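**Student:**
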Amino acid sequence: MSAAEIGRLVGAKRLSAREVTEAALRRIRDGDAAIHAWESVDEEYALRQAAVVDARIESGGEAGCMAGAPLGVKDVFNTEVLPTRMGSAIWRDHHAGNDARVVAQLRWAGAIIVGKTVTAEFAVHEPGPTRNPHNLDRTPGTSSSGSAAAVSAGMVPVALGTQTAGSLIRPASFCGIFAFKPTFGWLPRTGVLKTTDTLDQIGFHVRHMDDARLLFEAARIGGRDHPLKEERLASFPEKRNWRVGLARTHLWNEAPDYARRVLLDFAESIRCNAIEVVDTDLPAGFNRAHDVHAAIYDSDLSYYFRREMNIDERSVSAQLREIIRSGMRIPPDRYQEALRQQAALAGGLDRHMAESGIDMLLTLSSNGEAPMTEPIPFRDPCAIFSLCGMPTVSMPAFSSPSGLPFGAQIAARKYADRLLLDFAEYLVAQGLAPAAKIASAQT
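Everything in the sequence shown is counted per the working numbering, starting at 20 for the first residue and increasing by one.
#1: Apply the 10 Å Cβ neighbour rule to GLU287 and answer buried if 16 or more other Cβ atoms are within range, or exposed otherwise.
#2: Report the option in PHE417, THR411, ARG120 and ARG370 whose CA atom is closest to the CA atom of ILE240.
#3: In terms of residues, what are the limits of the beta strand (DSSP E) holding TRP110?
#4: The alpha helix (DSSP H) with PHE442 in it runs from where to where?
#5: Which one of ASP229, HIS227 and TRP205 has the shortest CA to CA distance from LEU2?
#6: Which residue or residues does DSSP assign as beta-bridge partners of PRO424?
#7: Count the other CB atoms within 10 Å of the CB of ASP352; is the residue buried (16 or more) or exposed (fewer)?
#8: Once the 5 residues before and after THR462 are set aside, which same chain residues still bring their CB inside 8 Å of it?
#9: Which ranges would you report for the alpha helix (DSSP H) in the region 20–106 if only whole runs of at least 4 residues count?
#10: Quick check on DSSP: helix, strand or coil for LEU265?
#11: So for CYS401, helix, strand or coil by DSSP?
#12: Restricting to Cα atoms, I'd like to know which of GLY222, GLU250 and ILE54 is closest to ALA237.
#13: Please report how far the alpha carbon of LEU380 lies from the alpha carbon of GLY367, in whole angstroms.
#14: Beta strand (DSSP E) containing ILE132: first to last residue?
#15: Do you know offhand how far ALA448's Cα is from ARG307's?
#16: On the DSSP bridge assignment, give the partners of PHE197 in chain order.
#17: Counting C-beta neighbours from all protein chains within 10 Å, is the total for SER459 16 or more, i.e. buried, or is it exposed?
#18: Would you call the CB atoms of ILE54 and VAL92 closer than 9 Å?
#19: Check whether the region 327–337 touches the region 263–281, counting contact only when three or more Cβ pairs, one atom from each stretch, lie closer than 8 Å.
#20: Nearest to ARG232 by alpha carbon, out of ALA452, LEU438, ALA454 and PRO453?
#21: If you check the beta carbons only, do LYS200 and PHE397 fall under 9 Å apart?
#22: Sorted by chain position, which residues of the same chain lie with C-beta nearer than 6 Å to THR209's C-beta, five sequence neighbours on each side aside?
#23: Just checking, does the region 371–389 make contact with the region 275–287 on the three C-beta pairs under 8 Å criterion?
#24: Considering Cα atoms alone, identify which of ALA88, PRO350 and SER421 is closest to LEU38.
#25: Among CYS401, CYS407, GLY450 and SER418, which has the Cα closest to the Cα of GLN428?
#26: Can you have a look at ASP160 and say buried or exposed, based on whether 16 or more other CB atoms are within 10 angstroms of its CB?
#27: Considering only the alpha carbon of each residue, which of HIS309, MET372 and GLU374 lies closest to GLN360?
#28: Does LYS433 pass the burial test, meaning 16 or more other C-beta atoms within 10 Å, or should it be called exposed?
#29: My assumption, with CB atoms under 8 Å, is that GLY61 sits in contact with GLY134. Please give the rounded CB distance.
#30: How is the beta strand (DSSP E) around GLY367 delimited, first residue to last?
#31: ILE343 lies in the alpha helix (DSSP H); which residues open and close that run?
#32: Span of the beta strand (DSSP E) holding VAL122?
#33: Could you check whether TYR445 and ALA293 sit closer than 9 Å to each other, using their CB atoms as the reference points?
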């Protein structure tokens, strides 16, 4: 069941939050020994939350749109009761004592936190123990690996993740589920591990596309106290016909033939009265987008995590130590120039889409199927859209020759989040994009 359906059934007293929570906890007990999606699970805490939801409904109170829906929380979000270890031995005993703002928003909507999902070390690259539910010998993708695997394996319908380059979209691609990353800044980052100032973004892993909208509306900060946000959303009115730009980016030739072929076939298959598909190039300068991203990323990581390296260098992975040292070698003027280029690239792409009448960009979520190990041996096709702060969706559209899933990535202009969700939901409703299936772990 989707989180939306759970919320409706629990709110109508056709199911109890306790029943739903107990079922999720059973699935975790039965499946996580093989998958290792969970950093921590507190069954008593989950059942206490369920009891609060049930009591509120029984007394005639508002159920909340996510009443009783089990939620996985990536272990970089503060949680009041559960530890927040951030994938690091240095913080293994850390209890924040508060919920991140977005976690609190979802709890107010009735969601049940069943546990914290595994993250790569400090949400960077060093992988945790999580395995891909479709093939235990393959990576689930980092850094939101546990969230993607937990949703893919059917343990929970929805989970929170983060993305600085491709940490949300790539795991969704490898694990065969949907992901939605809203526009940069739409969701509050209060109480969430900071790795960069201009790249960190919050998003969702979901098994049902309509849950992406549910989570977005429940988690975002809006309303009359935030008129600018409402005005920006309203600047992209609802429409039922879309112009899609098939974007062969500068990474096109890095993807294997089978991935390029199925993306082209997918672009052809979605052409209809409501969808026009055109070829488009990204504006000049995007061939350096990954270098700009790396300059910002490495500089910020070196600033935020050199303390951890000084506390206990041996407890910091060799991969992160190298990034920190690389960032320390980047002079301030180069960092400032990278920030200027980030703004220029984002503005240029937005103007290009507006002037071309393009509503969506279509490309790959990952360069094919999940490889055996991290780090991934190719540049990330998601980093461009993270750099530009654009909303993106990954859809489980493809299978590789070996039968493993990978996704189609769709990006919209900044603040066109609802338009993007409309389009993705249309593809699913019309059978133009497949639904996600619960993975059965195999080697």
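Glycine is no exception: its CB is placed at the ideal position from the N, C-alpha and C atoms.
Note that the coordinates shown come from a computational prediction; the quantities given were computed from them, not determined experimentally.
**Tutor:** A quick look at the data gives this:
#1: Translated into the one-based positions of the sequence shown, residue 287 becomes position 268. Looking at its Cβ environment, which holds fewer than 16 other Cβ atoms inside 10 Å, GLU287 is exposed.
#2: For the purposes of this step, residue 240 is identified with residue 221 of the sequence shown, where counting begins at 1. Measuring from the Cα of ILE240, the nearest candidate turns out to be ARG120.
#3: Residue mapping note: residue 110 aligns to position 91 of the sequence shown, counting from 1. Here TRP110 belongs to no beta strand (DSSP E), and DSSP marks it neither H nor E.
#4: Against the sequence shown, residue 442 aligns to sequence position 423. Where PHE442 is concerned, the enclosing alpha helix (DSSP H) stretches over 436–448.
#5: Shown here, the chain extends from 20 to 462; a query on residue 2 therefore has no answer.
#6: Stepping through the sequence shown from its first residue, residue 424 is reached at position 405. Beta-bridge pairing links PRO424 to SER418.
#7: Working through the sequence shown from its first residue, we reach residue 352 at position 333. Classification for ASP352: exposed.
#8: Translated into positions along the sequence shown, residue 462 becomes position 443. Confidence at THR462 is low in this model, with a pLDDT of 48, below 50, so the placement of that residue should be treated as unreliable; the coordinate-derived value is given next. So the qualifying residues of the chain are ASN154, LEU155 and ASP156.
#9: 22–30, 36–54 and 62–77
#10: As a position in the sequence shown, residue 265 is number 246, starting the count at 1. Three-state result, LEU265: strand.
#11: For this step, residue 401 is matched to residue 382 along the sequence shown. Coil at CYS401, not helix or strand.
#12: Position 218 of the sequence shown, counted from the first residue, corresponds to residue 237. When only C-alpha atoms are compared, the closest one is GLY222.
#13: Counting from 1 along the sequence shown, the entry for residue 380 is found at position 361. Counting from 1 along the sequence shown, the entry for residue 367 is found at position 348. C-alpha separation (whole angstroms): 14 Å.
#14: Residue numbering aside, residue 132 sits at position 113 when the sequence shown is read from its first letter. Per DSSP, ILE132 belongs to the beta strand (DSSP E) from 131–136.
#15: Position 429 of the sequence shown, counted from the start, is the residue given in the question as residue 448. Position 288 of the sequence shown, counted from the start, is the residue given in the question as residue 307. Cα to Cα, ALA448 sits roughly 37 Å from ARG307.
#16: Sequence index remark: in the sequence shown, residue 197 carries index 178 (1-based). VAL225, per the DSSP bridge assignment.
#17: For the purposes of this step, residue 459 is taken as residue 440 along the sequence shown, with counting starting at 1. It counts as exposed.
#18: Mapped onto the sequence shown, residue 54 falls at position 35. Mapped onto the sequence shown, residue 92 falls at position 73. Contact flag unset, no.
#19: no
#20: Sequence index remark: in the sequence shown, residue 232 carries index 213 (1-based). Checking every option, the nearest Cα to that of ARG232 belongs to LEU438.
#21: Within the sequence shown, residue 200 is the residue found at index 181, counting from 1. Within the sequence shown, residue 397 is the residue found at index 378, counting from 1. It is not a contact, given that the beta carbons lie outside the stated cut-off.
#22: For the purposes of this step, residue 209 is taken as residue 190 along the sequence shown, with counting starting at 1. Excluding positions up to five away in sequence, the list reads ARG120.
#23: yes
#24: In the sequence shown, the residue the question calls residue 38 occupies position 19. Residue identity differs from the one stated: residue 38 is Glu in this sequence, not Leu. Checked all of ALA88, PRO350 and SER421; the closest Cα to GLU38 is ALA88.
#25: Stepping through the sequence shown from its first residue, residue 428 is reached at position 409. Per the Cα distances, CYS401.
#26: By one-based count along the sequence shown, residue 160 stands at place 141. Correcting the residue identity first, residue 160 is Gly in this sequence and not Asp. By the 10 Å Cβ count, GLY160 comes out buried.
#27: Residue mapping note: residue 360 aligns to position 341 of the sequence shown, counting from 1. If we check each option's Cα against that of GLN360, HIS309 comes out closest.
#28: The residue labelled residue 433 in the question sits at position 414 within the sequence shown. LYS433 is buried by the Cβ-count criterion.
#29: By 1-based counting over the sequence shown, the position of residue 61 is 42. By 1-based counting over the sequence shown, the position of residue 134 is 115. One detail in the question is off: residue 61 reads as Asp in this sequence, not Gly. With a Cβ gap of about 7 Å, ASP61 and GLY134 count as contacting.
#30: The count along the sequence shown starts at 1 and reaches residue 367 at position 348. Where GLY367 is concerned, there is no enclosing beta strand (DSSP E), although the alpha helix (DSSP H) it sits in stretches over 351–375.
#31: As a first step, residue 343 is located in the sequence shown; it is residue number 324 there, counting from the start. Here the alpha helix (DSSP H) through ILE343 covers 337–347.
#32: As a position in the sequence shown, residue 122 is number 103, starting the count at 1. Element bounds for VAL122: not the beta strand (DSSP E) but the alpha helix (DSSP H), 120–127.
#33: Working through the sequence shown from its first residue, we reach residue 293 at position 274. Working through the sequence shown from its first residue, we reach residue 445 at position 426. The answer is yes: Cβ separation under 9 Å.
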